[in-house]
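Some notes on the structure that comes next.
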Amino acid sequence: MSSNSQVISALATDGTVVGVALAYVAFRTWKSYYFTSNALQKIRQAPDVKISDLRQILEEEVEINNGDSGKLVVVRGIVEIHKSVDGWRSLKSNVLVSNEAGQGAVSLQSTQTVPVVLRDIGRSSKSDYLFVNMEGSKHPLPLVTVYHKLQPVQPSPCTFLQAVSGNVYPVGLLDEEKVLTIGTQISAVGFCRFIDGVPQIKSSQALPYFLTELTKDQLVEDMAFKKTCLFWGGLLLGSLSVGILVYATMRNRRRWKDWMQRRKVERPRIADSAASAAIATEFEADEVAGDVADKELCVICLSRRREILFGSCGHIVCCQICASFVKQQSSPSCPFCWQKIRSSVVIYAS
1425 MSSNSQVISA LATDGTVVGV ALAYVAFRTW KSYYFTSNAL QKIRQAPDVK
1475 ISDLRQILEE EVEINNGDSG KLVVVRGIVE IHKSVDGWRS LKSNVLVSNE
1525 AGQGAVSLQS TQTVPVVLRD IGRSSKSDYL FVNMEGSKHP LPLVTVYHKL
1575 QPVQPSPCTF LQAVSGNVYP VGLLDEEKVL TIGTQISAVG FCRFIDGVPQ
1625 IKSSQALPYF LTELTKDQLV EDMAFKKTCL FWGGLLLGSL SVGILVYATM
1675 RNRRRWKDWM QRRKVERPRI ADSAASAAIA TEFEADEVAG DVADKELCVI
1725 CLSRRREILF GSCGHIVCCQ ICASFVKQQS SPSCPFCWQK IRSSVVIYAS
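The number in our numbering is simply the position in the sequence shown, starting from 1, with 1424 added.
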């Protein structure tokens, strides 16, 4: 296993990766919570008005704020096409018709759209309508599926090889049409203002809804439920991520302390090993030449000169390498008289 793989495995084992991932999810959850909370407050404060009352409300808004930025409102009405409310000027139908279902609609999922207006529910007046400006809106539309057909694709001889190799291959062709039908009762949530004397409503990026089948009360209830779920979800994920990160930090700190302690213990051993290697190199010539008298040889290895004087008994019986191993024992003692060794001195022969 490479060093990078070991680091990744250690982080995953300690929970650092899991803690960071949960912290990111908790951050996104809290971000969604604040967005939903602000949107819920705005929708609660927005008036639920009829299309026929828009002129009065917008005129009051202009008088109070002295601006034409519009007022956030919730308007519920029936979907109509623009030309159907123009009376005698409607010389040609502008309705989009589904190719498969043959059902009239004002919007297809293939981005075909026509000018859409809302009129009051229960009124046949052609003058009171609200123009819906869908330009720049990325909000989902309340579309209804009118055609759904899955046509399987005939497998080719290479299909099995593609499946074995893990490559993606088509298994079928889905033909689906979704439309916003005429006469559907929907609610429009956005900023409304007059443009050339015509009331117009436009979506707001600060709100999660624009055109929806829900009423204002249902919107408030739905967003309040989402707000509660996001709050408890963010609290749970945040607490869990903090706990995992604290545990991983404490565990890594404890491992670092253990590593430092082992390093302190191993450092003298490494130094002794280096010294032993140096001594072995230094006396290698004596071993090869064989010019050391038998009475001067170490009593343990019988190959190197005696160089260590033990202070407790005064015996010179060991070389430096063997003496270092003797001193590393739990109860070091002289190998000649077995007295306890308290100190040692290196004696160099002239």
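For each residue, glycine too, the CB sits at the ideal point set by N, CA and C.
This one's a predicted model, so the numbers in the text were calculated from it and none came from an experiment.
In terms of Cα proximity to V1499, the closest of I1724, C1616 and R1677 is C1616. Taking a 10 Å sphere around the C-beta of S1754, we find fewer than 16 other C-beta atoms and assign the residue as exposed. Looking at Q1752, I1740 and L1464, the one whose alpha-carbon comes closest to that of R1729 is I1740.
Taking one beta carbon from each stretch, the segment 1551 to 1568 and the segment 1627 to 1646 have 3 or more pairs nearer than 8 Å; the two touch.
Taking a 10 Å sphere around the C-beta of F1649, we find fewer than 16 other C-beta atoms and assign the residue as exposed. For Y1553, the pairing in a beta bridge is given by DSSP as R1543.
Exposed is the label assigned to F1760, since fewer than 16 other Cβ atoms lie within 10 Å of its Cβ. The alpha-carbon of H1572 is positioned some 16 Å away from that of T1605. Within the same chain, Cβ atoms closer than 8 Å to the Cβ of L1721 are found at S1727, R1728, R1729 and R1730, the five residues on either side in sequence being excluded.
In its chain, beyond the 5 residues on either side, C1746 have a beta carbon closer than 6 Å to the beta carbon of C1725. V1473 is a Cβ neighbour of I1481, given a cutoff of 7 Å. In this structure, the beta-carbon distance from I1625 to G1614 falls below 7 Å. Residue environment analysis places R1452 among the exposed positions, since fewer than 16 neighbouring C-beta atoms fall within 10 angstroms of its C-beta. The continuous alpha helix (DSSP H) containing G1443 extends over residues T1440 to Q1469.
In this structure R1543 is in contact with I1502, their Cβ atoms being roughly 5 Å apart against a cut-off of 8 Å.
Assigned with DSSP and collapsed to three states, I1502 falls in strand. K1495 sits buried, since 16 or more C-beta atoms from the chains shown fall within 10 Å of its C-beta. Assigned with DSSP and collapsed to three states, S1476 falls in helix. At the C-beta level, L1654 and L1446 stay beyond 7 Å of one another. By the C-beta density criterion, T1652 is exposed, having fewer than 16 other C-beta atoms within 10 angstroms. Here L1554 is near I1475, since their CB atoms are less than 7 Å apart.
A1450 sits away from G1621, with the two beta carbons spaced by 7 Å or more.
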